[in-house]
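Per the working numbering: the sequence shown = residues 34 to 457.
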Amino acid sequence: MFDTGSTGFMIVCAMLVLLMTPGLAFFYGGLGRRKNVVNTMVMSFAVLGIVGITWTVCGWSFAYGGDGSIPFFGGFDQIGLQGLVANITSEAPEALSHDAYPTMADVVFQLAFCMITTAIITGAVAGRVKFGAVCAFVAVWTVVVYPPLAHMVWGGEGSLVGDTIGALDFAGGDVVHISSGLTGLILCLIAGKRRGFGLVSYRPHNVPFVALGATLLWFGWFGFNAGSEFAPDGVAALALVNTVVASGAALVSWMLIERVRAGKPTLVGAATGLVAGLVVITPAAGFVEPWAAVVMGLIVSPVCYVAVSFLKRKLGYDDALDAFGIHAVGGVTGGVLTGLFCVPELSWTDFGGLFYTGDPTLLGAQVLGILVTVVFVGVLDVVLGFIIKACFRGSLRVSEAEEAQGLDVATHGESAYPAYVGLD
Numbered sequence: 034m035f036d037t038g039s040t041g042f043m044i045v046c047a048m049l050v051l052l053m054t055p056g057l058a059f060f061y062g063g064l065g066r067r068k069n070v071v072n073t074m075v076m077s078f079a080v081l082g083i084v085g086i087t088w089t090v091c092g093w094s095f096a097y098g099g100d101g102s103i104p105f106f107g108g109f110d111q112i113g114l115q116g117l118v119a120n121i122t123s124e125a126p127e128a129l130s131h132d133a134y135p136t137m138a139d140v141v142f143q144l145a146f147c148m149i150t151t152a153i154i155t156g157a158v159a160g161r162v163k164f165g166a167v168c169a170f171v172a173v174w175t176v177v178v179y180p181p182l183a184h185m186v187w188g189g190e191g192s193l194v195g196d197t198i199g200a201l202d203f204a205g206g207d208v209v210h211i212s213s214g215l216t217g218l219i220l221c222l223i224a225g226k227r228r229g230f231g232l233v234s235y236r237p238h239n240v241p242f243v244a245l246g247a248t249l250l251w252f253g254w255f256g257f258n259a260g261s262e263f264a265p266d267g268v269a270a271l272a273l274v275n276t277v278v279a280s281g282a283a284l285v286s287w288m289l290i291e292r293v294r295a296g297k298p299t300l301v302g303a304a305t306g307l308v309a310g311l312v313v314i315t316p317a318a319g320f321v322e323p324w325a326a327v328v329m330g331l332i333v334s335p336v337c338y339v340a341v342s343f344l345k346r347k348l349g350y351d352d353a354l355d356a357f358g359i360h361a362v363g364g365v366t367g368g369v370l371t372g373l374f375c376v377p378e379l380s381w382t383d384f385g386g387l388f389y390t391g392d393p394t395l396l397g398a399q400v401l402g403i404l405v406t407v408v409f410v411g412v413l414d415v416v417l418g419f420i421i422k423a424c425f426r427g428s429l430r431v432s433e434a435e436e437a438q439g440l441d442v443a444t445h446g447e448s449a450y451p452a453y454v455g456l457d
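Structure follows, in structure tokens:
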């Protein structure tokens with residue numbers, strides 16, 4: 034018999050994660066420019082529709098289908114989720130995911146993960162990329178890149194990163210944050226910089242939107258991390274506690290940095306620190322003690338602050354809303370720190386963190402898993418990026434006139450603030 038408590042737990046967690054993508058739309062929308070807020074937000078909403086289709090048609094099967102014989106790919110046996118509806122009975126063992134709830138609960142949970150991962154990418158190219166090109170890239174990326182990576186990390190026995198290498202990723206440091214942040218960086222390099230980058234100060238146009246978006250992300254992240262235990266047990270409770278305290282510690286850390294650097298803490302900075310803390314604890318949420326989660330939160334903000342405030346300017350890449358600086362950099366930081374602070378008894382492998390065991394095996398596996406993720410995602414992103422660019426007349430960008438006018442009016446024919454059309 035299916036356990037109703039476990040089934041309900043997974044459905045609620047899935048609903049919380051589904052909330053994160055609209056929340057990200059508000060977060061990104063507030064960070065962007067007034068003339069591009071509709072475009073910035075609609076890219077996240079487009080992801081909801083596109084990923085809903087690709088995940089149902091083949092994404093789930095490519096990630097979690099098959100018999101586990103291929104280390105980087107699921108299979109074709111569950112294309113279109115075939116067979117899952119017919120097997121939603123307590124007497125059908127093949128319908129079970131974790132022996133307590135039907136596979137369909139896992140399908141929608143993982144669907145929500147794919148949605149938020151893909152939406153994160155869009156922040157890097159806000160303000161200058163063709164909406165159609167973004168949609169085309171999202172459709173291909175969620176078939177070719179995300180499902181195989183999810184299988185490599187979470188595919189169970191035989192999977193390349195999770196089993197063969199032995200790297201730990203509780204809720205998506207590699208699969209969600211490093212993949213999305215790195216993809217955002219590659220796309221922004223292929224697309225090129227915004228007009229006036231380095232000369233114009235791009236300030237968040239709506240700070241309350243940023244705070245609202247961060248709040249929705251924070252709330253949804255509880256389902257994101259706790260639900261990745263796939264059971265309402267003590268580890269899920271630990272993951273929830275760690276998510277709260279790591280994000281809180283990172284928020285405080287970011288405000289302290291602003292106080293020292295600029296003399297004043299800001300709400301945008303607090304929201305950014307909160308998100309950075311959520312990112313860093315994601316790979317470690319069910320593996321570390323709460324004190325370690327606090328340490329991770331305190332560490333990640335200075336690291337991400339350097340990436341956002343100094344590295345981007347030094348290297349000259351235009352990651353518009355800091356998808357790379359927060360998600361990729363924070364995800365790498367969290368993955369490495371997991372190798373230091375993982376409690377041996379909570380590890381999915383035979384090895385614990387260096388802090389507890391003195392054995393660097395897990396730390397080495399974490400670094401290798403991150404490198405495999407970077408190479409796999411990076412190579413495919415470059416290929417896909419240039420293919421999509423070629424399909425759109427050799428450019429991912431809108432025209433200079435459209436960029437100057439703003440993508441809200443130029444691309445969508447509407448404005449978030451009609452009284453301010455033509456102003457920025």
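Glycine included, every Cβ here is placed at the ideal spot set by N, Cα and C. The structure presented is a predicted model; accordingly, all values stated were derived computationally and were not measured.
With contacts defined by Cβ atoms closer than 8 Å, residue 379 and residue 296 do not form a contacting pair. Leaving aside the five residues that flank residue 101 on each side, the residues in its chain whose CB is nearer than 7 Å to its CB run, in chain order, 188, 189, 190, 191. For residue 230, the pairing in a beta bridge is given by DSSP as 233. Of the other Cβ atoms in all chains shown, 16 or more fall within 10 Å of the Cβ of residue 337; this residue is therefore buried.
Remark: C-beta atoms of residue 321 and residue 366 do not approach each other more closely than 8 Å.
Here the region 402 to 415 makes no contact with the region 142 to 149; the two share fewer than three CB pairs at distances below 8 Å.
Secondary structure of residue 346 (DSSP, three-state): helix. The beta carbon of residue 302 is closer than 7 Å to those of 287, 288, 291 in its chain, skipping five residues each way along the sequence.
In the three-state reduction of the DSSP assignment, residue 426 falls in the coil class.
When secondary structure is reduced to three states using DSSP, residue 162 falls in the strand class. A distance below 6 Å between beta-carbons, with the five flanking residues on each side excluded, links residue 76 to the following residues of its chain, in chain order: 155, 167. In this structure, residue 238 and residue 63 form a Cβ contact; the two beta carbons are roughly 7 Å apart against a cut-off of 8 Å. Under the three-state reduction of DSSP output, residue 381 falls in the coil class, being neither helix nor strand. Taking residue 182 as the centre and dropping the five residues before and after it, the same chain places the C-beta of 207, 208, 212, 406, 409, 410 closer than 8 Å to its C-beta, in chain order. For secondary structure counted as the alpha helix (DSSP H) over 4 or more consecutive residues, the region 395 to 454 holds these complete runs in sequence order: 433 to 438. Here residue 225 carries a coil assignment [DSSP, helix/strand/coil]. Residues of the same chain with a CB within less than 6 Å of the CB of residue 268, apart from the 5 flanking positions on each side, are 262, 319 in chain order. Distance from the CA of residue 74 to the CA of residue 114, rounded to the nearest whole angstrom, comes to 29 Å. Judged by DSSP in its simplified three-state form, residue 238 adopts coil rather than helix or strand.
Between residue 401 and residue 386, the C-beta spacing is not below 8 Å.
Here DSSP, grouped into helix, strand and coil, assigns residue 351 to coil.
When the beta-carbon positions are compared, residue 304 and residue 247 come within less than 8 Å of each other. With distances taken between CA atoms, residue 323 lies nearest to 271 out of 370, 271, 362. Boundaries of the alpha helix (DSSP H) harbouring residue 274: 267 to 294, taken from the DSSP string.
Shown here, residue 67 sits in a helix according to DSSP, grouped into three states. Sequence-distant Cβ neighbours of residue 316 in its own chain, meaning closer than 6 Å and more than five residues away, are 202, 203, 206, 367, 368, 371.
Spatial neighbours of residue 243 in its own chain (CB-CB distance under 8 Å, excluding positions within 5 residues in sequence) are listed in chain order as 59, 60, 63, 64, 237, 300, 301, 304. Under the 10 Å beta carbon count, residue 424 is surrounded by fewer than 16 other beta carbons and is classified as exposed. Residue 330 holds the alpha-carbon nearest to the alpha-carbon of residue 307 among 326, 293, 325, 330.
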